[in-house]
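Take a look at the structure set out below.
2 protein chains.
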Amino acid sequence: MQMTRRNLLTGAAAIGATAIAPATGFLPARAAAPPLGAQAPGFYRYKVGSFECTSINDGARTFPMPDTFVKNVPKEQALAAAEAAYMPKGMVTVPFNPQLINTGSKLVLIDCGNGVATFEPSKGAVGRTLHNLAAAGVDPKSIDVVLMSHLHPDHTNGIRAADGSMAFPNAEIMVPAMDWAFWMSDENAAKAESNPMMKNYFAGVKKIYAGIEGKVTKYDWGKEVVPGINSVATPGHTPGHTAFVIASGSSKILIQSDVTNIPELFLRNPDWHVAFDIDPVMAQETRHKFYDMAAAEKAMVVGFHFTFPSIGHVEKDGAKYRLIPVAWNPVI
Amino acid sequence: MQMTRRNLLTGAAAIGATAIAPATGFLPARAAAPPLGAQAPGFYRYKVGSFECTSINDGARTFPMPDTFVKNVPKEQALAAAEAAYMPKGMVTVPFNPQLINTGSKLVLIDCGNGVATFEPSKGAVGRTLHNLAAAGVDPKSIDVVLMSHLHPDHTNGIRAADGSMAFPNAEIMVPAMDWAFWMSDENAAKAESNPMMKNYFAGVKKIYAGIEGKVTKYDWGKEVVPGINSVATPGHTPGHTAFVIASGSSKILIQSDVTNIPELFLRNPDWHVAFDIDPVMAQETRHKFYDMAAAEKAMVVGFHFTFPSIGHVEKDGAKYRLIPVAWNPVI
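Chains as they are written, first to last, in our numbering: chain A, 1 to 332; chain B, 1 to 332.
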């Protein structure tokens, strides 16, 4: 057929209306192949110098966009941005991606996902970190350090398995000192009583760390928290929110954590305030600083809320930024 | 540390120069985890109505950009576009992605990759279709139809296994009638004697189809070649180059085949002529027509040479187009 607008537009309908007349007489003797159902495992390997890194997909959550998902623009504007990124109408999709870094001497998991007991586990769309670590051939017992960027539930709840036991039993748990102080403060929790989301977050941190408070290591910004992994102050999203520079030889990568939430909304519109930012004005300032640098350096950036494999470069586009996802490497 | 430009820029060097002083005294008794090396399997499942589709990565090839990779612009301009897409300096990366479509009654492989004997197989970066089909749980014997978009080696050579036997022994092989006539013509082959690339292509088609010429089914444009799969005339790249509309229920997807080669160069610059186009002016015209439609319809498009998983939407950007890769779906 000639390729005309009408043909492509009405292709499906025309096909449906036509009696099916295969071009050939081929008829297999065997039964039709059954559908296989399962998605490919959600892990992706990349090298940073001599370090072997693995992006681990904890899943993605698609939900009706809350009225205040973006606090400082009308909802229609936020919905239009989601739709321009081909998200389902009225919905927003938020992915989650912890990073596994094997420095050769330490196996470090940066953030650990929603945990299996969060967000409609029956759907299986989140809490997939243990599943995808297994697919990647990684024994949770072999993880030496779990390094938290901040203490929001989608980053920290995965430290516990479904039965409440420690998911990474041999791992030291490292948390940003400033986030620990903030979330463990009874005074701060009392102030948050009137805000259901914040109240929930405070209770969640207490619950997930109950009984292991003494075993947690607090780290500061500007430190080499693990050899080759440096903590970078990126406050605003939470008081202790931390990004990381992973460096080996002459290579490095920036783990941005939640400097931006989903890039389709908040990198395209860096002045928009996501509902989860505790100090949105500071977060906005951090976002501009971080991405002006990352763009100027042409740095590789990993985002916890970028679509899997969650790695890319960022370019400036006037007052906006654009994420250019990395090309899939079939071998490493 | 404060996040300053200097900090991010010199992070690696600074880290290297500092004596390593981990923030904690944690020392595991066990050995360091070994690197695991292998990349994740390159397959990705998606639904089109009731059809279960799987993008199968045949690999990607990174090579020094030939002088005439883009025939109608200076090489520096082509290199600049590659570099703007973060390809390695001086190089170009071309991925390859056949599509497996299970219509419920037929299991159809659209194009079949480079084959195991092409392009430095020792590197393992291409010819991965059988490997990734296996990872996806698909027995090559269960494939009913291999549907070729055109007869270039990266699309067609995978019909043979390493030992020369048929890789999909029970499959009918369907080829575009016009491409078959073009590539099988001794007169055309004689005319191409002076062009090493074309000479090689003519010889390749004869070799790969040797002994099975009579078993090949030729199909025309504008036909439902397999129930739910319609052939669309998209000539220029080759005389019989074909795209497909996959349609099930009210859903559809466009398999663009090689309407554009790598989108980073030829969708951003739709008037550029890739070295492999036989009639580049017609290919350019086809490209504009196809993408004006795809963008207007907000259609999902699959590109053989898009980075894995090779699915996205296309938007107009002035006289250019931009590919918005699909968000990775952790479940289907």
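C-beta: ideal position from N, C-alpha, C; glycine also.
The structure presented is a predicted model; accordingly, all values stated were derived computationally and were not measured.
Quick check on DSSP: helix, strand or coil for residue i?
i                  : result
Ile-159 of chain B : helix
Pro-22 of chain A  : With a pLDDT of only 40 at Pro-22 of chain A, under the threshold of 50, the placement of this residue in the model should not be trusted; the figure read from the coordinates follows. Of the three classes helix, strand and coil, the one that applies to Pro-22 of chain A here is coil, per DSSP.
Ala-38 of chain B  : coil
Ser-251 of chain A : strand
Asn-230 of chain A : strand
Val-205 of chain B : helix
Phe-308 of chain B : coil
Gly-214 of chain A : helix
Arg-322 of chain A : strand
Lys-298 of chain B : coil
Ala-171 of chain B : coil
Ser-142 of chain B : helix
Lys-89 of chain A  : coil
Asn-102 of chain B : strand
Lys-71 of chain A  : coil
Phe-119 of chain A : Residue placement at Phe-119 of chain A is poorly supported in this model, since its pLDDT is 49, which falls under 50; the coordinates still yield a value, given next. Residue state, collapsed to three classes: coil.
Phe-276 of chain B : coil
Ala-243 of chain B : strand
Glu-187 of chain A : helix
Val-225 of chain A : strand
Val-331 of chain B : coil
Met-198 of chain B : helix
Pro-28 of chain A  : With a pLDDT of 46 at Pro-28 of chain A, under the threshold of 50, the modelled position of that residue is not reliable, and no figure is offered here.
Pro-153 of chain B : helix
Pro-263 of chain B : helix
Met-166 of chain B : strand
Arg-6 of chain A   : Its pLDDT being 48, under 50, Arg-6 of chain A is placed unreliably in this model, and the value from its coordinates should be taken loosely. Note: Arg-6 of chain A maps to helix in three-state DSSP.
Pick out whichever of the options has its Cα sitting closest to the Cα of residue i.
i                  : options                                       : result
Asn-269 of chain A : A:Met-87, A:Met-198, A:Trp-328 and A:Gln-284  : A:Gln-284
Gly-90 of chain B  : B:Asn-102, B:Met-148 and B:Phe-69             : B:Phe-69
Tyr-291 of chain A : A:Leu-267, A:Lys-215 and A:His-305            : A:Leu-267
Trp-382 of chain B : B:Ser-231, B:His-150 and B:Met-282            : No answer is possible for residue 382 of chain B: it lies beyond the span of chain B, which begins at 1 and ends at 332.
Phe-168 of chain B : B:Phe-202, B:Met-293 and B:Cys-112            : B:Cys-112
Asn-114 of chain A : A:Ser-231, A:His-131 and A:Glu-193            : A:His-131
Tyr-339 of chain B : B:Glu-315, B:Leu-265, B:Gly-312 and B:Pro-176 : As shown, chain B starts at 1 and ends at 332. That puts residue 339 of chain B outside it, with no answer to give.
Ile-262 of chain B : B:Trp-272, B:Ile-253 and B:Leu-254            : B:Trp-272
Asp-154 of chain B : B:Gly-164, B:Ser-257, B:Glu-83 and B:Gln-77   : B:Ser-257
Thr-62 of chain B  : B:Thr-93, B:Ser-50, B:Ala-192 and B:Ala-81    : B:Thr-93
Ala-327 of chain B : B:Glu-315, B:Ser-310, B:Met-293 and B:Tyr-321 : B:Ser-310
Can you pull the DSSP bridge partners for residue i?
i                  : result
Phe-96 of chain B  : B:Gly-59
Tyr-291 of chain A : Tyr-291 of chain A pairs with nothing; no bridge assigned.
Gly-47 of chain A  : Residue 47 of chain A is actually Lys in this sequence, not Gly. Answer by DSSP bridge pairing, in chain order: A:Glu-52.
Ile-110 of chain B : B:Gln-99 and B:Leu-147
His-313 of chain B : B:Met-300 and B:Ile-324
Ser-257 of chain A : A:Gly-303
Val-281 of chain A : BP columns for Val-281 of chain A are empty, so no partner.
Pro-270 of chain B : According to DSSP, Pro-270 of chain B bridges with nothing at all.
Pro-366 of chain A : Nothing can be reported for residue 366 of chain A: it is not among the residues displayed for chain A, which extend from 1 to 332.
I want to verify the contact list: residues of chain B whose CB lies under 7 Å from the CB of residue i, in sequence order.
i                  : result
Gly-236 of chain A : Under the 7 Å cutoff, chain B gives no residues; its nearest Cβ is about 11 Å from Gly-236 of chain A.
Asn-102 of chain A : Ala-33 and Pro-35
Arg-268 of chain A : Within chain B, no residue comes near Arg-268 of chain A; the closest Cβ sits about 11 Å away, beyond 7 Å.
Cβ closer than 7 Å: which chain A residues qualify as neighbours of residue i?
i                  : result
Tyr-321 of chain B : None at all; the shortest Cβ gap to chain A is about 15 Å.
Under 9 Å between beta-carbons, which chain A residues line up against residue i? List them in chain order, please.
i                 : result
Leu-79 of chain B : Under the 9 Å cutoff, chain A gives no residues; its nearest Cβ is about 15 Å from Leu-79 of chain B.
Gly-59 of chain B : Pro-330 and Val-331
Run down chain A in chain order and give the residues with a C-beta less than 8 Å from the C-beta of residue i.
i                  : result
Ile-324 of chain B : Ala-85 and Tyr-86
Glu-52 of chain B  : Pro-35, Leu-36 and Gly-37
His-313 of chain B : Tyr-86
Which chain B residues are close to residue i, counting only those with a beta carbon under 8 Å from its beta carbon?
i                  : result
Ser-105 of chain A : Ala-32
In chain B, what lies closer than 9 Å to residue i by C-beta?
i                  : result
Gly-137 of chain A : Leu-36 and Ala-38
Arg-128 of chain A : Pro-330 and Val-331
Gly-42 of chain A  : Ala-40, Trp-328 and Pro-330
Pro-95 of chain A  : Ala-327, Trp-328 and Pro-330
Thr-307 of chain A : Pro-325, Val-326, Ala-327 and Trp-328
Is residue i near the ligand HEM - that is, is its Cβ less than 6 Å away from at least one heavy atom of it?
i                  : result
Ala-177 of chain B : What this structure holds is no ligand at all, so the ligand HEM is not there to describe.
- Would you call the region 152-163 of chain A and the region 185-195 of chain A in contact, with 3 or more CB pairs under 8 Å? no
- Message: With a threshold of 8 Å, are at least 3 pairs of Cβ atoms found where one atom belongs to the region 214-222 of chain A and the other to the region 98-108 of chain A?
- Response: no
- Message: Taking 8 Å as the cut-off, does the region 28-45 of chain B touch the region 65-80 of chain B (at least 3 CB pairs, one atom from each stretch)?
- Response: no
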